[in-house]
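K.L.:
Numbering-wise, the sequence shown is residues 1 to 293 according to UniProt numbering. This is the structure I have questions about; it appears just below.
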Amino acid sequence: MKLIGENLNIMSKKYGKALKERDAKTLQELAVIEAEAGMDYIDLNIGPAGKTGEEMMSWLVPVIHEVVDLPLALDTSNVKAIEAGLKAHKKGRAMINSIMVRQERMDALLPLAKEYDAEFIGLLWGPEGMPRDENERGALCAELLFRASDLGIVPERIYIDPIQTPVNVQQIQIMSALAFMDMFADMAPGCRSTIGLSNVSNGAPEHLRPILNQVMLILWKRRGMTSAIVDTFDKKLHQIAKGKRPELEALVAKVEDGEEIDMASLSKEEQDFVKTAKVILGHTLYSDSWLEV
Ligand code: THG
1 MKLIGENLNI MSKKYGKALK ERDAKTLQEL AVIEAEAGMD YIDLNIGPAG KTGEEMMSWL
61 VPVIHEVVDL PLALDTSNVK AIEAGLKAHK KGRAMINSIM VRQERMDALL PLAKEYDAEF
121 IGLLWGPEGM PRDENERGAL CAELLFRASD LGIVPERIYI DPIQTPVNVQ QIQIMSALAF
181 MDMFADMAPG CRSTIGLSNV SNGAPEHLRP ILNQVMLILW KRRGMTSAIV DTFDKKLHQI
241 AKGKRPELEA LVAKVEDGEE IDMASLSKEE QDFVKTAKVI LGHTLYSDSW LEV
């Protein structure tokens with residue numbers, strides 16, 4: 001799986017402040033950490049960024065490319081800021097993060113993706129907001145692919161994002177996003193996929209976020225997800241993404257397939273993975289203390 005580092009974002013205490021203060025050094029240090037951690041892209045999440053977005057993105061892209069050669073994911077709802085980022089992006093192919101399946105967003109952004117030969121994330125968020133089930137996700141995906149192919153954009157440039165919701169809010173939404181991924185390969189050959197993984201653990205206690213993210217990644221990986229937007233500082237997560245923890249992948253698959261598991265024969269780490277998989281899959285109700293029971 002390709003990894004997109006999420007840490008350069010306006011919500012972050014340290015890096016959000018650095019963005020607002022145009023503190024290049026702090027942001028460049030993060031970019032180098034992300035590259036050394038093996039990220040394939042760096043997400044530049046400047047938020048909606050109102051009037052300052054254009055100027056901020058024009059400044060930020062060359063600042064980051066001064067120290068790393070990675071492609072950058074331009075993460076903002078501000079069309080002018082996206083365009084400014086595309087103009088400033090001279091190393092490799094930029095990524096637009098993201099294009100929603102809404103008329104005005106596609107009208108504004110798909111032509112830019114074509115003009116700059118950029119990759120883009122197609123977010124399955126429609127005119128009525130979040131899709132309710134896998135079929136609505138499928139319909140939104142089909143519409144986006146149709147519009148893109150109409151402009152001559154090839155599937156290889158497109159990353160579909162079925163939207164990760166927090167586990168402590170709606171387990172059912174996670175099930176429908178997973179179900180969509182089961183049909184995705186057939187409906188969109190050659191197309192790629194991605195997911196904002198850390199959303200799954202939003203609002204969970206800080207020390208429990210990594211295991212939620214890790215187990216969720218296994219569930220996506222099992223469905224052929226080709227990339228994910230992730231926490232650069234979670235080393236175990238990277239190992240899983242790169243296929244270096246096959247025993248944990250096999251264990252989560254067993255839980256999903258309803259196979260008998262002898263908990264007493266497992267290590268503490270393995271037991272925690274089993275319990276967490278059961279919570280995400282809705283076999284167990286979410287509570288902040290699921291590992292203790
Ligand atoms: N899909 C797409 N793009 C996305 C998302 C998505 N971009 C934004 C977001 N979701 C993915 N990025 C993040 C970045 C940070 C966090 C979660 C998702 C996060 N940060 C910690 C917090 O807020 O508590 C820590 C912040 C800090 O660094 O201090 O959880 O779904 N296409």
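All C-beta atoms, glycine included, are put in the ideal place defined by N, C-alpha and C.
Report the start-end ranges of each alpha helix (DSSP H) in the region 92-127 that is 4 residues or longer and not cut off at the edges.
P.N.:
Runs of the alpha helix (DSSP H) inside the region 92-127: 103-115.
K.L.:
With distances taken between CB atoms, is the gap from I10 to I46 smaller than 7 Å?
P.N.:
Yes, these two residues count as a Cβ contact at 7 Å.
K.L.:
Buried or exposed, going by whether 16 or more other CB atoms sit within 10 Å of the CB of Q164?
P.N.:
With 16 or more other Cβ atoms within 10 Å, it is buried.
K.L.:
Could you spell out where the beta strand (DSSP E) holding Y15 opens and where it closes?
P.N.:
Not the beta strand (DSSP E): Y15 falls in the alpha helix (DSSP H), residues K13 to K20.
K.L.:
Alpha carbon to alpha carbon, what distance is there between I229 and L72?
P.N.:
The alpha-carbon atoms of L72 and I229 are separated by roughly 12 Å.
K.L.:
Roughly how far, in whole angstroms, is the beta-carbon of A253 from the beta-carbon of R222, given that I think they are within contact range, below 8 Å?
P.N.:
Contact holds; Cβ gap of about 6 Å.
K.L.:
Tell me whether K13, by its Cβ, gets closer than 6 Å to a heavy atom of ligand 1.
P.N.:
Result yes, Cβ under 6 Å from ligand 1.
K.L.:
Hey, is N45 close to ligand 1, as in C-beta under 6 Å from one of its heavy atoms?
P.N.:
Yes.
K.L.:
Less than 7 Å between C-beta atoms, sequence neighbours within five positions excluded: which residues of the same chain meet that for M100?
P.N.:
L123 and W125, listed in sequence order.
K.L.:
Give the DSSP-derived three-state secondary structure of I158 in the structure shown.
P.N.:
Note: I158 maps to strand in three-state DSSP.
K.L.:
Distance, Cα to Cα, M175 vs Q214?
P.N.:
C-alpha separation (whole angstroms): 17 Å.
K.L.:
Alpha carbon to alpha carbon, how far is A84 from T52?
P.N.:
So the two alpha carbons sit approximately 11 Å from each other.
K.L.:
According to DSSP, what are the bridge partners of K275?
P.N.:
Looking at the DSSP assignment, K275 forms no beta bridge with any residue, so it has no partner.
K.L.:
Return the first residue and the last residue of the beta strand (DSSP E) that I42 is part of.
P.N.:
From DSSP, the beta strand (DSSP E) with I42 extends over Y41 to N45.
K.L.:
Entirely within the region 38-83 and at least 4 residues each: give me those alpha helix (DSSP H) ranges in chain order.
P.N.:
Taking only runs of at least 4 residues, the alpha helix (DSSP H) segments lying wholly in the region 38-83 are 53-65.
K.L.:
Any idea if H238 is buried or exposed, counting beta-carbon neighbours within 10 angstroms, 16 or more meaning buried?
P.N.:
By the 10 Å Cβ count, H238 comes out buried.
K.L.:
I'd like to check one pair, Y41 with L30: are the Cβ atoms closer than 7 Å?
P.N.:
It is not a contact, given that the beta carbons lie outside the stated cut-off.
K.L.:
When the distance is taken between beta carbons, is P155 closer than 7 Å to R137?
P.N.:
In this structure, P155 does not lie closer than 7 Å to R137 by Cβ.
K.L.:
Taking C-alpha atoms, which residue in G282, A81 and N202 lies nearest to M57?
P.N.:
That would be A81, whose Cα lies nearest to the Cα of M57.
K.L.:
Hey, out of A35, N78 and A188, whose CA is closest to E66's CA?
P.N.:
Among A35, N78 and A188, the Cα nearest to that of E66 belongs to A35.
K.L.:
Using the beta-carbon count (16 or more within 10 Å), is F184 buried or exposed?
P.N.:
Buried, because 16 or more other Cβ atoms sit within 10 Å of the Cβ of F184.
K.L.:
Would you mind giving the Cβ-Cβ distance between S227 and M1, rounded to the nearest angstrom? I have them listed as a contact below 8 Å.
P.N.:
Their Cβ separation, rounded to whole angstroms, is 6 Å, which keeps S227 and M1 in contact under 8 Å.
K.L.:
Would you say the beta carbon of D234 comes nearer than 6 Å to a heavy atom of ligand 1?
P.N.:
No, since every heavy atom of ligand 1 falls outside the 6 Å radius drawn around the Cβ of D234.
K.L.:
Within 6 Å: the Cβ of E6 and any heavy atom of ligand 1?
P.N.:
Yes.
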